[in-house]
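Peer 1:
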Amino acid sequence: MSSESVMWAPDPERVRHTRLSEFMKETGFADASYDALHRWSIAEPAEFWSAMWRYADVIGDRGRRTFVRNADRPMTESRFFPDASVNIAENLLRGSSDDPAVVEADETKRVREVTRGELRAMVGKAQRLLTSLGVQRGDRVAGILPNTVDALAYTLGALSLGAVWTSCAPEFGVRGVLDRFGQVSPAVLIVAESYVYNGKRHSLVTKGLEVAAGLPGLEHIMVIGGGAPATRAGTARVHSDVDPSGDPGAEPEFVRVGFDHPAYIVYTSGTTGLPKSVVHRTGGVLVNLFKEHLLHGNVHPGDRMLYYTNTAWMMYHWSIAALGCGASVVLYDGAAIPSDNPRVLWELLDELGVTHFGTSPKYLSVMRKDGVRPCDAVELRALRFIFSAGAPLTEEQFDWVYGHVKSELVLASISGGAEILGCFVLGNPLLPVRRGEIQSPALGMSVAALDERQIPVVGRAGDLVCTEPFPSMPLTFWGEGGRQRYLKAYFGDKDEVWFHGDLAEFRASGGVVISGRTDTTLKPGGIRIGTSEIYRVVESIPGVSDSVVVGYPVEDDMEIWLFLVTDNGADVAPETIRSRLRSEASPRHVPKRIFRVPQVPYNLSGKKVEGAVLQTILGREVRNRESLTDPAALEHYCPDELASSEVGL
Numbered sequence: 001m002s003s004e005s006v007m008w009a010p011d012p013e014r015v016r017h018t019r020l021s022e023f024m025k026e027t028g029f030a031d032a033s034y035d036a037l038h039r040w041s042i043a044e045p046a047e048f049w050s051a052m053w054r055y056a057d058v059i060g061d062r063g064r065r066t067f068v069r070n071a072d073r074p075m076t077e078s079r080f081f082p083d084a085s086v087n088i089a090e091n092l093l094r095g096s097s098d099d100p101a102v103v104e105a106d107e108t109k110r111v112r113e114v115t116r117g118e119l120r121a122m123v124g125k126a127q128r129l130l131t132s133l134g135v136q137r138g139d140r141v142a143g144i145l146p147n148t149v150d151a152l153a154y155t156l157g158a159l160s161l162g163a164v165w166t167s168c169a170p171e172f173g174v175r176g177v178l179d180r181f182g183q184v185s186p187a188v189l190i191v192a193e194s195y196v197y198n199g200k201r202h203s204l205v206t207k208g209l210e211v212a213a214g215l216p217g218l219e220h221i222m223v224i225g226g227g228a229p230a231t232r233a234g235t236a237r238v239h240s241d242v243d244p245s246g247d248p249g250a251e252p253e254f255v256r257v258g259f260d261h262p263a264y265i266v267y268t269s270g271t272t273g274l275p276k277s278v279v280h281r282t283g284g285v286l287v288n289l290f291k292e293h294l295l296h297g298n299v300h301p302g303d304r305m306l307y308y309t310n311t312a313w314m315m316y317h318w319s320i321a322a323l324g325c326g327a328s329v330v331l332y333d334g335a336a337i338p339s340d341n342p343r344v345l346w347e348l349l350d351e352l353g354v355t356h357f358g359t360s361p362k363y364l365s366v367m368r369k370d371g372v373r374p375c376d377a378v379e380l381r382a383l384r385f386i387f388s389a390g391a392p393l394t395e396e397q398f399d400w401v402y403g404h405v406k407s408e409l410v411l412a413s414i415s416g417g418a419e420i421l422g423c424f425v426l427g428n429p430l431l432p433v434r435r436g437e438i439q440s441p442a443l444g445m446s447v448a449a450l451d452e453r454q455i456p457v458v459g460r461a462g463d464l465v466c467t468e469p470f471p472s473m474p475l476t477f478w479g480e481g482g483r484q485r486y487l488k489a490y491f492g493d494k495d496e497v498w499f500h501g502d503l504a505e506f507r508a509s510g511g512v513v514i515s516g517r518t519d520t521t522l523k524p525g526g527i528r529i530g531t532s533e534i535y536r537v538v539e540s541i542p543g544v545s546d547s548v549v550v551g552y553p554v555e556d557d558m559e560i561w562l563f564l565v566t567d568n569g570a571d572v573a574p575e576t577i578r579s580r581l582r583s584e585a586s587p588r589h590v591p592k593r594i595f596r597v598p599q600v601p602y603n604l605s606g607k608k609v610e611g612a613v614l615q616t617i618l619g620r621e622v623r624n625r626e627s628l629t630d631p632a633a634l635e636h637y638c639p640d641e642l643a644s645s646e647v648g649l
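In the UniProt record's numbering, the protein residues as written are 1 to 649.
(1) Could you pull the DSSP bridge partners for W165 from this structure?
(2) Starting from S328, follow the beta strand (DSSP E) in both directions and report where the run begins and ends.
(3) For the beta strand (DSSP E) that D553 lies in, which residues bound it at each end?
(4) May I ask you to report which of helix, strand or coil DSSP gives K608?
(5) Going straight from the alpha carbon of V330 to that of L93, what length do you get?
(6) In whole angstroms, what is the alpha-carbon distance linking A89 and G258?
(7) May I ask you to report which of helix, strand or coil DSSP gives A389?
(8) Tell me the DSSP secondary structure of N288 in three-state form.
(9) Just checking my contact of S360 with A391 at CB under 8 Å: how many whole Å lie between their CB atoms?
(10) Quick one: grab the DSSP three-state call for Y197.
(11) On the DSSP bridge assignment, give the partners of D243 in chain order.
(12) What alpha helix (DSSP H) runs, 4 residues minimum, are completely inside the stretch 71-98?
(13) Can the beta-carbon of F172 be found less than 8 Å from the beta-carbon of E626?
(14) Return the CA-CA distance between D370 and C325, expressed in angstroms with no decimal places.
(15) Who pairs with S175 in a beta bridge, going by DSSP?
(16) Per DSSP, which residues does A448 bridge with? Please list them.
(17) On the three-pair Cβ rule with 8 Å, is the stretch 630-641 touching the stretch 588-605?
(18) Pick out whichever of P186, S605 and E533 has its Cα sitting closest to the Cα of T235.
(19) From V135 to G162, what does the alpha carbon distance come to, in whole angstroms?
(20) Please give me, in chain order, every unbroken run of the beta strand (DSSP E) with length at least 3 that falls completely inside the stretch 498-531.
(21) According to DSSP, which residues form a beta bridge with I224?
(22) Roughly how far, in whole angstroms, is the beta-carbon of T311 from the beta-carbon of A412, given that I think they are within contact range, below 8 Å?
(23) Tell me the DSSP bridge mates of Y638?
(24) Would Y308 pass as a contact of G353 if the rule is Cβ separation under 8 Å?
(25) I'd like the list of long-range same chain contacts for M315, defined as Cβ closer than 7 Å, with 5 residues on each side in sequence excluded.
(26) Considering only residues of the same chain and omitting the five flanking positions on each side of I514, which have a CB-CB separation below 6 Å?
(27) Taking only three categories from DSSP, how would you classify T206?
(28) Where does G117 sit, in a helix, a strand or coil, going by DSSP?
(29) Just verifying my parser: in three-state terms, what is the DSSP assignment at V111?
(30) So, with DSSP's three-state summary, where would you put G417?
(31) Would you mind stating whether L145 and I190 have Cβ atoms separated by less than 8 Å?
(32) Using 10 angstroms around the beta-carbon of H280, count the other beta-carbons present and answer buried if the total reaches 16, otherwise exposed.
(33) Among all the DSSP beta bridges, which residues are the ones paired with L306?
(34) To which residues does DSSP link G60 through a beta bridge?
(35) Using 8 Å as the cut-off, can you tell me whether the stretch 395-402 makes contact with the stretch 430-445, which would need three or more C-beta pairs spanning the two stretches below that distance?
(36) Are the CB atoms of G619 and P639 nearer to each other than 8 Å?
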């Protein structure tokens, strides 16, 4: 099967009923191609984003102007909806009181259903509790919370006031949390009493109090579920009676803010340095995520989305935006593959009638390698979309989904990042799914791959760039000099062109392949190789369960070093690895050295941390180890460990 083989194609009758087709009719593109619509969305940003606002029925005052272009600095100084006033929570909480809003689920498949009316009451209570502590527009409210309806209530409660929400996953260590929250000086910290992962309950109270003590200027810490053993932590007062559930009362009031008013602060992974604290604007988040859900995800009222995420990953903010499209969200808290029931997510998808499921390549890889066949156990009758984010999908993962999950759905590999709280390239209900490809560029995103001469190329890899402004560009990085740090990170000395840091190939089919990060791109002999090009081959070899690859610097060149995790210590011959890479990729892909290791380190978003591996090999300090699922995994890459783990010369 070739890399461009069609795995799924849309039925013409279903195409007519997609949200994207409806939008094309409303904008005069009923008989046009997606490419034509995409070109218009870039060439006429005022018309496109104005049409998007109307189609999404955004609640708020749009104002007179949609787009004001700065001729000298079109990317960094142009503005969208400069006269608008909106509130994210107001838009996400709309709908009939009896309509479903949230299903909370855990590893035991215990569920709790919450209607929109009940959720609004919870948000109202959270808002009143925050107001009683003095929280107002512009204040930072931080959470260390599991993925529960209580966390959602406080997220929306803060946003309803015009406050700025920021969060860390419960798995983060104290140092990892302080590296993030210490940059943004929250007024209030909200912590859950505990969370459950893989059948084990973990207390968060002590961690929360230690974090609070390390945040000078913090005024209050709220402990959901009670159990706080102290009344003060550092400068902060401790409050225990703060559960947003029960005690139904008045619904929240909504403070509408300007389009560019800060809404979220999210953090980059920070595995090789201090995390960047990226500030996102209220209106930019709202209109862009409505575009992605309604048009690219074909989300309809009554649909149901479950995205496996924690509350810190950008996919949390991404997925809860489905509420504003009339869908309900399933908030699953726990391990993706709990030891008691490794198939729990597939069972929940089936039993809860989930239409849109979000996951990661790592999860799909484990399912495939463990021989799991969901289609033998569950029907997944409602499921129409599977989203995958965090890393490129391999061709074998496409095969597994369409062969062992369901043949009639859109497998939407999506790619963007915390920096834009959205996607540059993603799924599309009007286009076929091709093996190994992302379906299309996103509407409103002028993306391309540039070669070494800074010329756009098709059919070969280059730097992923965006050349026209879009609403969800960050406002700044939080803190002193944040604007300058932001511009340096994504624009550098490249005049008004966003360099995203991914290696991408735009194909003649219209699809896109992401090969990895440019900062971990391999360049043996000056030839650029994306790390995923090696993973696709190596991890399809019997006996190999996982791998990580780095470029080790030697004089004016680099060598490819490959690290393998094998199934139960299986003996995979180095020459087999080299032969497969030579024949299925190229001689340039063949590693100079191969090692066997017990595990590959990942961050909490499910991404391999190639940069941290290389830093460890070089004997350098790795910052932010708390952002890894298992920081001890790096110990296997220390220089004194490598000599005994090498398996082939």
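Even for Gly, the Cβ is constructed at its ideal location relative to N, Cα and C.
Bear in mind that the values here come from a model prediction, so they are computed numbers and not experimental data.
Peer 2: Straight from the coordinates:
(1) DSSP output for W165 lists V141 and Y264 as bridge partner(s).
(2) Residues S328 to D333.
(3) The sequence shown places Pro at residue 553, rather than the Asp named in the question. Unbroken beta strand (DSSP E) run through P553: V544 to V554.
(4) Three-state DSSP puts K608 in a strand.
(5) Each residue's alpha carbon lies about 15 Å from the other.
(6) Put simply, the backbone Cα of A89 is about 14 Å away from that of G258.
(7) In the displayed model, A389 falls within coil according to three-state DSSP, outside both helix and strand.
(8) Three-state DSSP puts N288 in a helix.
(9) About 7 Å separates the two Cβ atoms, so the contact holds.
(10) Secondary structure at Y197: strand, using DSSP grouped into helix, strand and coil.
(11) Under the DSSP definition of a beta bridge, D243 lacks any partner.
(12) Runs of the alpha helix (DSSP H) inside the stretch 71-98: 88-92.
(13) Yes, the pair counts as a contact, with Cβ atoms nearer than the cut-off.
(14) Going by C-alpha positions, D370 is about 36 Å away from C325.
(15) Before going further, note that residue 175 is Arg rather than Ser in the sequence given. Bridge partners of R175: none, in fact.
(16) DSSP, once it has assigned bridges, lists V465 as partnering A448.
(17) With the cut-off at 8 Å, the stretch 630-641 and the stretch 588-605 touch.
(18) Nearest of P186, S605 and E533 to T235, Cα basis: P186.
(19) Rounded to whole angstroms, V135 to G162 spans 9 Å at the Cα level.
(20) Within the stretch 498-531, the complete beta strand (DSSP E) runs of at least 3 residues are 498-506 and 512-517.
(21) In DSSP, I224 forms a bridge with A192.
(22) That belief does not hold up - the Cβ atoms of T311 and A412 are roughly 23 Å apart, past 8 Å.
(23) According to the sequence displayed, residue 638 carries Cys and not Tyr. BP columns for C638 are empty, so no partner.
(24) No, the pair does not count as a contact, with Cβ atoms beyond the cut-off.
(25) Residues of the same chain with a CB within less than 7 Å of the CB of M315, apart from the 5 flanking positions on each side, are Y307, T309, G358 and A389 in chain order.
(26) Answer for I514: P392, S415, D502 and A504, listed in chain order.
(27) Secondary structure of T206 (DSSP, three-state): helix.
(28) Look at G117 here: in three-state DSSP terms it is helix.
(29) Taken through DSSP and simplified to helix, strand or coil, V111 comes out as strand.
(30) Correct three-state label for G417: strand.
(31) Cβ distance < 8 Å, so L145 and I190 count as in contact.
(32) Burial call: buried.
(33) According to DSSP, residue pairing for L306 in a beta bridge involves V330 and F357.
(34) In the DSSP assignment, G60 is bridged to V86.
(35) With three or more CB-CB distances shorter than 8 Å, the stretch 395-402 counts as touching the stretch 430-445.
(36) Closer than 8 Å, so yes.
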